[in-house]
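To start, the structure under review is shown below, and the notes come after it.
Number of protein chains: 2
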Amino acid sequence: MTPRVLLPWPDIAVPDGVEAAVYDGTGTPPDVSAVEFYVLPYDSGPEPPQLIAEMPSLKAVQSLSAGVESLLPLIPEGVTLANGRGLHDLSVAEHALALVLAAQRDLPRWFRQQQTGSWDREHTRSLADERVLLVGYGSIGKAVERYLVAGEADVVRVASTAREGVHGIGELPDLLPDASIVILVLPGTPATRGVIGARELAALPDGALVVNVGRGTAIDTAALTAEVAAGRLRAALDVADPEPLPPEHPLWRLPGAIITPHVAGGSDSFYPRAKKLAEQQLARFARGEPLVNVVR
Amino acid sequence: MTPRVLLPWPDIAVPDGVEAAVYDGTGTPPDVSAVEFYVLPYDSGPEPPQLIAEMPSLKAVQSLSAGVESLLPLIPEGVTLANGRGLHDLSVAEHALALVLAAQRDLPRWFRQQQTGSWDREHTRSLADERVLLVGYGSIGKAVERYLVAGEADVVRVASTAREGVHGIGELPDLLPDASIVILVLPGTPATRGVIGARELAALPDGALVVNVGRGTAIDTAALTAEVAAGRLRAALDVADPEPLPPEHPLWRLPGAIITPHVAGGSDSFYPRAKKLAEQQLARFARGEPLVNVVR
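Pasting the structure below:
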């Protein structure tokens with residue numbers, strides 16, 4: 032029997048009678064000619080999605096990412112695509128908080144001092160009582176908000192579409208001058224490209240912190256680099272545009288910048304949650320029920 | 032008129048008719064012979080408390096710290112001492128979270144990579160779903176807990192005295208083997224000295240993280256250093272024993288250790304809250320009402 036299901040890890044339970052193979056995105060893939068349900072390896076580069084073209088029996092693709100924009104063009108007509116919405120919420124939210132707190136509480140300075148064993152002390156900024164613009168209010172944005180509320184920050188919600196309690200992105204020019212922290216949790220769509228450009232950055236007060244855990248394209252990198260180089264704004268970024276950020280890019284070495292290499296979504300808490308989703312989706316597929324998290 | 036009130040900052044409002052002087056802990060202090068109410072400068076070393084001995088008219092001392100153990104021997108009979116309980120809760124809690132997230136999400140690694148512009152990626156630990164022992168459940172502990180709950184950690188409360196929903200410190204031996212993170216928020220009293228010693232550390236599972244934002248004396252530094260040097264445990268400390276930790280202490284340079292120089296309590300959000308407490312206490316004093324936060 033040839034495998035009908037292709038999984039990224041061996042310990043995902045499959046329904047009785049279903050043959051499964053494992054492909055984690057490294058090495059030579061197995062025979063995929065009979066694969067009907069493909070759970071893509073998470074965060075494994077461009078090769079695994081290209082395997083879709085070699086699956087004539089394919090009925091459904093389960094991505095474990097929330098953002099599937101780069102995947103859409105590879106999904107044949109009639110094949111269902113489901114995403115990993117919700118799996119990364121907490122992982123991304125805690126990395127967002129790690130970036131905010133690292134910047135506000137001067138962690139780069141203390142880590143430098145640690146190298147020389149220096150107990151030099153200075154008071155720092157804080158998160159409590161700060162006005163935070165939370166831009167992007169889906170499930171990840173809500174998880175970030177729960178952290179901010181616990182820390183008694185003053186949260187102002189912004190999303191692509193205005194709704195009750197949430198400002199529309201068009202209101203940013205009015206909101207930016209009163210914010211000391213902006214956290215971007217936006218998906219990478221044509222509508223979110225460049226929403227934080229030179230004009231928006233100029234509207235922020237001196238010393239404000241720009242955090243991005245969504246997609247790098249939401250920010251005009253050159254404009255942000257100029258503001259941070261001038262010492263006027265600070266940045267804490269897990270995503271960049273372009274990505275990877277080239278080693279010679281000036282942003283890497285600016286004292287007001289913290290950069291992590293797109294690692295917000297990939298942490299231990301993700302795997303048990305991803306395994307559970309994959310098993311539930313496979314059970315639905317085997318019973319002929321509709322999948323959840325369907326994108327198309 | 033000689034000053035009846037001595038304040039650490041000039042912008043603290045005093046009741047009508049009361050003469051105030053300012054001493055921030057640096058330079059030569061003013062004439063203090065008539066001072067009845069002394070608001071100590073925050074976090075300014077050993078000199079300001081010694082001024083108490085030169086205040087024959089003193090009736091009340093307001094500390095802006097939560098822990099006043101080193102101050103108590105300096106307070107004359109009949110003088111009221113009030114502490115800064117609550118002022119630092121959020122500041123300490125957010126620094127505790129900063130330490131936890133920095134360790135779990137590998138911030139020291141990303142900061143090192145930033146120096147060479149490296150986009151090398153790897154998945155990290157997380158906070159969500161981790162079993163966290165929160166040792167110390169006063170107002171700071173509760174502020175830390177609100178953060179942990181927002182991050183969906185599995186919080187187990189421990190305090191000096193067992194009570195409904197809170198384990199007693201004597202139960203630590205049973206609780207430690209199931210915890211992957213221990214956060215200490217204990218005051219520096221004789222009872223909390225060395226509560227985390229070699230035996231307690233040995234009871235923790237491999238890879239566990241020990242965080243301390245309370246007092247350094249709660250942990251046996253030599254025992255912790257041995258466990259971190261062996262690569263068995265990790266540490267993220269804002270306090271140490273001794274303090275300052277000497278520059279040549281091996282803990283500074285261990286890869287599994289993060290050390291910040293006792294900066295958890297001092298951040299921007301503290302000042303407005305401290306100013307408000309000082310003003311309210313001065314008003315009570317002027318009206319002859321009892322102070323709040325009285326320690327003795």
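Protein chains in written order, with the numbering used here: chain A, 32 to 327; chain B, 32 to 327. Every residue gets a Cβ at the ideal spot worked out from N, C-alpha and C, and that includes glycine.
What residue range does the alpha helix (DSSP H) around residue i cover?
i, result
"Asp120/B", "Asp120 to Gln135"
"Ala257/B", "Thr252 to Ala260"
"Ala314/B", "Phe301 to Arg318"
"Glu78/B", "Glu78 to Gln81"
Where does residue i land, buried or exposed, given buried means 16+ other C-beta within 10 angstroms?
i, result
"Val45/A", "buried"
"Pro39/A", "buried"
"Gly247/A", "buried"
"Gln81/A", "exposed"
"Glu161/B", "buried"
"Glu183/B", "buried"
"Arg143/A", "exposed"
"Gln135/B", "buried"
"Val226/B", "buried"
"Val325/A", "exposed"
"Arg9/B", "Outside the displayed span of chain B (32 to 327) sits residue 9/B, for which this structure offers no information."
"Arg35/B", "buried"
"Ala222/A", "exposed"
"Pro139/B", "buried"
"Gly238/B", "exposed"
"Ala253/A", "exposed"
Does at least one heavy atom of the ligand SAH sit under 8 Å from the Cβ of residue i?
i, result
"Gly245/B", "Judged by which ligands are present, the structure shown has none, so any question about the ligand SAH falls away."
Output the boundary residues of the beta strand (DSSP E) element that contains residue i.
i, result
"Arg230/A", "From DSSP, Arg230/A is part of no beta strand (DSSP E) but of the alpha helix (DSSP H) over Ala229 to Ala234."
"Ala266/B", "Arg265 to Leu268"
"Tyr69/A", "Phe68 to Val70"
"Leu112/A", "Thr111 to Ala113"
"Asn243/B", "Leu240 to Asn243"
"Leu37/B", "Val36 to Leu38"
"Leu282/B", "From DSSP, Leu282/B is part of no beta strand (DSSP E); its letter is neither H nor E."
"Leu215/B", "Ile212 to Leu215"
"Val53/A", "Ala51 to Val53"
"Ala99/A", "Reading the sequence as shown, one finds Val at residue 99/A and not Ala. Segment: none, Val99/A is in no beta strand (DSSP E) and carries neither H nor E."
"Ile43/A", "Counting along the chain, Ile43/A falls outside any beta strand (DSSP E), and DSSP gives it neither H nor E."
"Ile106/B", "Counting along the chain, Ile106/B falls outside any beta strand (DSSP E), and DSSP gives it neither H nor E."
"Ala288/A", "Ala288 to Ile290"
"Val92/B", "Ala91 to Gln93"
Going by the CB atoms, is the gap between residue j and residue i shorter than 9 Å?
i, j, result
"Ile290/A", "Leu308/A", "no"
"Leu285/B", "Val323/B", "no"
"Val166/A", "Leu215/A", "yes"
"Ala295/B", "Val92/B", "no"
"Leu121/B", "Leu71/B", "no"
"Leu206/B", "His198/B", "yes"
"Gly330/B", "Leu264/B", "For chain B, the structure presents residues 32 to 327; residue 330/B sits outside this window and is missing."
"Leu276/B", "Asp251/B", "no"
"Phe68/B", "Gln312/B", "yes"
"Ser94/A", "Gly115/A", "yes"
"Ser64/B", "Pro79/B", "no"
"Ala52/B", "Val66/B", "yes"
"Glu280/A", "Gly148/B", "Checking the sequence, you will find His at residue 280/A rather than Glu. Cβ distance < 9 Å, so His280/A and Gly148/B count as in contact."
"Asp299/B", "Arg156/A", "yes"
"Asp152/B", "Gly219/A", "One point to set straight first is that residue 152/B is Arg, not Asp, in the sequence displayed. Contact: no."
"Ala193/B", "Glu202/B", "yes"
"Val175/B", "Val244/B", "yes"
"Trp283/B", "Pro292/A", "no"
"Ile106/B", "Arg304/B", "no"
"Val186/B", "Ile200/B", "no"
"Leu130/A", "Leu128/B", "no"
Output yes if chain E places a C-beta closer than 9 Å to the C-beta of residue i; else output no.
i, result
"Gly247/B", "Here the protein chains are A and B, and chain E is not one of them."
What are the complete alpha helix (DSSP H) segments, minimum 4 residues, inside the stretch 143-208 of chain B? Listed in chain order, the complete alpha helix (DSSP H) runs (minimum 4 residues) inside the stretch 143-208 of chain B are 170-181 and 203-206.
Looking at chain B, which residues of the stretch 88-99 of chain A have a Cβ within less than 7 Å of any of its Cβ atoms? Residues: none.
Any C-beta of chain A within less than 8 Å: which residues of the stretch 99-128 of chain B qualify? Within the stretch 99-128 of chain B, the residues whose Cβ lies closer than 8 Å to some Cβ of chain A are Leu121, Ser122, Ala124, Glu125, His126 and Leu128, listed in chain order.
Going along the stretch 270-281 of chain A in order, which residues come within less than 8 Å of chain B, judged by CB to CB distance? From the stretch 270-281 of chain A, only Glu274, Pro275, Leu276, Pro277, Pro278, Glu279 and His280 have a Cβ closer than 8 Å to chain B.
Would you list, in chain order, the members of the stretch 176-203 of chain A that have their beta-carbon closer than 8 Å to a beta-carbon of chain B? Residues passing the 8 Å Cβ filter: Arg177, Tyr178, Val180, Ala181, Gly182 and Glu183.
The stretch 127-147 of chain A: which residues have C-beta closer than 8 Å to a C-beta of chain B, in chain order? The stretch 127-147 of chain A vs chain B, Cβ under 8 Å: Leu128, Ala129, Leu132, Ala133, Gln135, Arg136, Asp137, Leu138, Pro139, Trp141, Phe142, Gln144, Gln145, Gln146 and Thr147.
Along the stretch 282-294 of chain B, where does the CB come closer than 7 Å to a CB of chain A? Name the residues. Shown in chain order are the members of the stretch 282-294 of chain B whose Cβ falls below 7 Å from a Cβ of chain A: Trp283, Ile290, Thr291, Pro292, His293 and Val294.
Which residues, taken in chain order from the stretch 205-238 of chain B, show a beta carbon closer than 9 Å to some beta carbon of chain A? Per Cβ criterion, the list is empty.
Where the stretch 294-313 of chain A meets chain B: residues whose CB sits under 8 Å from a CB there: Answer in chain order: Val294, Gly297, Ser298, Asp299, Ser300, Phe301 and Pro303.
At a Cβ cut of 9 Å, what residues of the stretch 148-169 of chain B count as close to chain A, listed as they run along the chain? Of all residues in the stretch 148-169 of chain B, those with a C-beta nearer than 9 Å to a C-beta of chain A are Gly148, Ser149, Trp150, Asp151, Arg152, Glu153, His154, Thr155, Arg156, Ser157, Leu158, Ala159, Asp160 and Glu161, reading in chain order.
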